[in-house]
Each structure stands twice: as structure tokens, then as C-alpha cells.
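Per the numbering used here, the sequence shown starts with residue 1, numbered consecutively.
Ideal Cβ positions, reconstructed from N, Cα and C, are used throughout, including at glycine.
Keep in mind that this is a model prediction, so the values were computed, not measured.
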Amino acid sequence: IVYFHKMSEVKPYIKLYNSGGAFGSTEKYDKIPQGVFYMDSSTITEYGDFTIQGLDGSKILQDIIPQDALCEKYSVTAIIRRMLDNIRFSNYKFNLKDTDETGIMTPLYWWTDDTRTVWEHIQDLSRDSQMTAIFDENNVLQFYSREYLYSQSVTNWTLYRDKVGNNLSNIIESKSIVDFLIVLISI
């Protein structure tokens with residue numbers, strides 16, 4: 001019988017078999033990471049079937065109550081940085097269109113509530129300022145501002161090329177990351 005502990009780290013991946021394999025490797029597949037998950041519970045049936053209930057990195061923030069803080073005229077990004085730094089969580093990144101973004105709100109006063117978790121505070125601040133907070137496949141908490149996601153700057157996405165470097169028939173070009181994500185979701 002195998003025993004697994006709660007909060008064990010699980011890093012699933014998909015093996016994509018191909019003729020070349022990973023760069024510098026003799027293997028004939030590439031590993032595509034699917035994220036980092038923390039086991040909340042697990043069950044094993046009498047037939048050996050194993051089921052894991054896993055949560056992403058937000059599980060850690062869902063268990064922590066933030067330190068008391070009162071912020072006067074702090075931007076939302078500064079409030080989130082202060083709250084995460086106070087609990088010694090440094091695995092985050094802000095994706096902003098520019099450093100002086102006008103869409104990021106600055107409340108006159110903001111304070112923590114000792115009945116709510118860090119994750120609940122982040123969700124409230126993100127919703128109020130129209131930011132997105134998600135954990136990526138490398139377990140980094142990524143914040144995306146509305147201006148960053150809906151940027152009108154032109155970005156050309158080239159998904160497939162042949163060995164010579166010519167575009168194949170399924171080439172996709174997009175104006176923004178949101179258009180790219182919509183195309184991927186619709187495929």
C-alpha cells in the first residue's frame with residue numbers, strides 16, 4: 001500500500017512523441033508541463049485505481065490569513081505586492097502594458113480583513129481593478145491587466161513552419177494575445 005501525504009506536490013505532463021525529441025536529449029518525446037498541483041486528498045480502489053484531488057498554487061494562498069495592513073493611496077499592484085511580500089510569497093509576476101498604466105486603480109484607503117484569506121483579497125482586488133490572477137504551468141502567479149490583455153499593438157503569431165522555414169497552410173497571425181487565445185479555444 002502506498003501512502004500519499006496531503007499537500008504533496010504533483011507535476012503532471014504530457015509526452016509528445018516526435019522524431020527529434022527534446023533538444024540535446026536522446027529521448028524521442030518532449031514533456032509538456034500541465035502545471036503544479038498540491039494534493040488535497042486521494043483514494044485507491046480495490047482494483048488499484050488511484051484518484052487525486054489536486055489544487056493549483058492558489059491552495060497555499062487559500063490557507064493563509066494576511067497580516068493586518070492599512071494602505072493609503074496605494075495602487076492595486078502595490079497593495080498586492082505588499083500583501084504577498086508580508087507572507088513571504090515571492091513567486092508572482094505583473095504583466096502590465098506599461099509601468100505607468102492608467103487603468104490600475106488607486107483606492108483612497110484599503111485594509112485587510114482578518115476573516116478572509118490572501119486569495120480572497122487578491123480575487124476582490126483583481127475583480128475591482130479588472131485584472132486577471134492565475135497560476136501558470138510553472139506555478140508562477142501571473143497578474144494580467146485589462147490594458148495588457150486587450151492591447152492593440154500588433155503581434156504576429158507564427159505557429160507552424162516547415163524545415164526550410166516556409167509558412168505552412170495553417171499559419172495564424174493575430175493582433176493581440178486575446179485574439180490568439182480565442183483562436184486556440186475555438187480549435
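For S126, the enclosing alpha helix (DSSP H) covers residues 118-129. Comparing alpha-carbon positions, the option among K97, S41, D136, L149 lying closest to I32 turns out to be D136. For D85, the secondary structure class from DSSP, reduced to helix, strand or coil, is helix. Cα atoms of V10 and F37: separation of roughly 5 Å, rounded to the nearest angstrom. At least 7 Å separates the beta-carbon of K93 from that of Q130. Rounded to the nearest whole angstrom, the C-alpha separation of R116 and I65 is 6 Å.
Looking only at W110, K59, V76, the smallest Cα-Cα distance to F89 is reached by K59. According to the DSSP secondary-structure assignment, S42 is paired through a beta bridge with I52. Residue pairing by DSSP puts T132 in a beta bridge opposite Y144. Rounded to the nearest whole angstrom, the CA to CA distance from P12 to N139 is 12 Å. Collapsing the DSSP output to three states places L16 in a strand.
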